[in-house]
Amino acid sequence: GENVEQHPSTLSVQEGDSAVIKCTYSDSASNYFPWYKQELGKRPQLIIDIRSNVGEKKDQRIAVTLNKTAKHFSLHITETQPEDSAVYFCAVTNDYKLSFGAGTTVTVRA
Amino acid sequence: GAVVSQHPSWVICKSGTSVKIECRSLDFQATTMFWYRQFPKQSLMLMATSNEGSKATYEQGVEKDKFLINHASLTLSTLTVTSAHPEDSSFYICSARMKRAGELFFGEGSRLTVL
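And the structure:
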């Protein structure tokens, strides 16, 4: 099956700084790469996604970049705010089931 | 976005009893529903995939006789944890999508505690 590795496992940033989370995957047929934010005890919320025919996508303070050749993609959060504190999961799919990374706990220090 | 509702949101049961969790797509027909289990501070682990009208496909290591999945209609899938034990205590989350390669919509999750 798909092997998804996510780094770092924890990330602490000062409010206003940027946060970057990276994921690598193994299946070259993967074509959809969503990122989810999960707060404690709640469902994952889709925050941004990218498809294999696109290299970069941005939505306000959040951006995702994809390098298909190297099989890695990254989440970038700029101007971090305390409400960005949560667990972030990357995921990968090849049109069937979604495989998740291990998650990154992001803490934004005020 | 589309809405997926999961019920109950939390349940406490005695060891040896069975618990049923429902997952409903409220405003769309879900061709495929997925069931995940999430232990504290861990990622979502796929348990099984269910397609309406057919048997569920279970991931390696998941006991199909213990975790019964029924997908009787395009808007409802159920997960029954049979003869639950304390090690089955976890956060169970369902998800659904409208079409192949479509966005995945998650239910609120169900926290199961087995005493």
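Chains as they are written, first to last, in the working numbering: chain S, 2 to 111; chain W, 74 to 188.
Don't be surprised by glycine CBs; every beta carbon is placed ideally from N, CA and C.
Values in this document were obtained by computation on a predicted structure and should not be read as measured data.
**Message:** Only counting the same chain, and skipping five residues up and downstream in sequence, which positions put a Cβ closer than 7 Å to that of THR15 of chain S?
**Reply:** According to the sequence shown, residue 15 of chain S is Gln rather than Thr. So the qualifying residues of the chain are ARG110.
**Message:** Which residues in chain W have a C-beta closer than 7 Å to the C-beta of PRO101 of chain S? List them in chain order.
**Reply:** Reading off the sequence shown, one finds Phe at residue 101 of chain S, where the question assumed Pro. Within chain W, the residues near PHE101 of chain S are SER116 and LEU117.
**Request:** Return the chain-ordered list of same chain residues with a C-beta closer than 6 Å to the C-beta of SER19 of chain S, the five sequence neighbours on each side being excluded.
**Result:** THR79
**Item:** Where GLY102 of chain S falls, given that 16 or more other Cβ within 10 Å makes a residue buried
**Value:** buried
**Request:** Find the residues of chain W that neighbour GLY56 of chain S, judging by a C-beta separation of less than 8 Å, and give them in chain order.
**Result:** Chain W residues near GLY56 of chain S: none, gap ~19 Å exceeds 8 Å.
**Prompt:** Can you tell which of S:ASN32, S:LEU12 and S:THR11 has its C-alpha closest to the C-alpha of GLU3 of chain S?
**Reply:** It is S:ASN32.
**Prompt:** In chain order, what residues of the same chain lie with their CB nearer than 6 Å to the CB of ARG97 of chain W, ignoring the 5 residues before and after it?
**Reply:** SER78, THR148 and LEU149
**Sequence-distant residues of its chain with Cβ nearer than 6 Å to TRP83 of chain W (five each side left out)** = ARG184
**Asked** Going along the chain, which residues of its own chain have a beta-carbon closer than 6 Å to the beta-carbon of LYS58 of chain S, five neighbours each way excluded?
**Response** ILE51 and VAL65
**Request:** Kindly identify the DSSP beta-bridge partner or partners of GLU6 of chain S.
**Result:** S:THR25
**Prompt:** Can you list the residues of chain S that THR122 of chain W reaches, using a CB-CB cut of under 9 Å?
**Reply:** Against chain S, the beta carbon of THR122 of chain W has neighbours under 9 Å at TYR97 and LYS98, listed in chain order.
**Message:** For GLU95 of chain W and THR151 of chain W, which I take to be in contact (beta-carbon distance under 8 Å), what is that distance rounded to the nearest angstrom?
**Reply:** 5 Å
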